[in-house]
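Engineer:
In my numbering, the protein residues as written are 132 to 266.
1. Are the stretch 165-174 and the stretch 231-239 touching by the rule of at least three beta carbon pairs closer than 8 Å?
2. For residue 195, is the classification buried or exposed, using 16 other Cβ atoms within 10 angstroms of its Cβ as the cut-off for buried?
3. Using 10 angstroms around the beta-carbon of residue 160, count the other beta-carbons present and answer buried if the total reaches 16, otherwise exposed.
4. In chain order, which alpha helix (DSSP H) runs of at least 4 residues are fully inside the stretch 156-183?
5. Along the alpha helix (DSSP H) that carries residue 137, what are the first and last residues, could you check?
6. Evaluate contact between the stretch 144-158 and the stretch 227-234, counting only Cβ atoms and requiring at least three cross-stretch pairs below 8 Å.
7. Return helix, strand or coil for residue 197, following the three-state DSSP convention.
8. If you draw a straight line from the alpha carbon of residue 141 to that of residue 134, how long is it in whole angstroms?
9. Going by beta-carbon coordinates alone, are residue 205 and residue 189 separated by less than 8 Å?
10. Give me the Cβ distance between residue 220 and residue 174, rounded to the nearest whole Å; I'm assuming they're in contact under 8 Å.
11. Does residue 139 pass the burial test, meaning 16 or more other C-beta atoms within 10 Å, or should it be called exposed?
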């Protein structure tokens, strides 16, 4: 079943292009600008304060026997970390996100399909009318 799903996605133009162009992480080799560095730092920071802070507030709420700390503080700090994440993504730019997602698509499909991913006739374009053999 996993191979059938991988075949489905491998026929999509986004994944086909990533495989044909051998998508890599070369965008990360370029020297990042100051806004990109700040964006990446904000993204990392959002992960640090996200779930760990919610768990910490929950523990504090239990220790102090004040449930409102967890009820109000948990969603508030999680919302703040989400906002910081969104700002970080905006600053870092979509170049890194696109490079990472194309690389991940290629790597995952190559892991699942193996040598089948390199066969040009295995993945006809969408809407070609050619049916894939059912396993």
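We put the CB at the ideal spot given by N, CA and C, even for glycine.
If you're wondering where the values come from, they're calculated on a predicted model, not measured in any experiment.
Structural biologist: Working from what's here:
1. Short answer: they don't touch.
2. Working through the chain shown from its first residue, we reach residue 195 at position 64. Exposed is the call here.
3. For this step, residue 160 is matched to residue 29 along the chain shown. So residue 160 counts as exposed.
4. 165-180
5. Along the chain shown, read from residue 1 onward, the residue named residue 137 stands at position 6. Its alpha helix (DSSP H) spans residues 133-141.
6. yes
7. Position 66 of the chain shown, counted from the first residue, corresponds to residue 197. Looking at residue 197 - three-state DSSP - the assignment turns out to be coil, as it is neither helix nor strand.
8. As a first step, residue 141 must be located in the chain shown, where it is residue number 10. As a first step, residue 134 must be located in the chain shown, where it is residue number 3. Cα to Cα, the separation comes out at about 10 Å.
9. As a working note, residue 205 is residue 74 in the chain shown. As a working note, residue 189 is residue 58 in the chain shown. Yes; because the gap between Cβ atoms is below 8 Å, this pair is in contact.
10. Indexing the chain shown from 1 puts residue 220 at position 89. Indexing the chain shown from 1 puts residue 174 at position 43. Contact flag correct, Cβ pair sits at about 7 Å.
11. Within the chain shown, numbered from 1, the residue matching residue 139 stands at position 8. That one is exposed.
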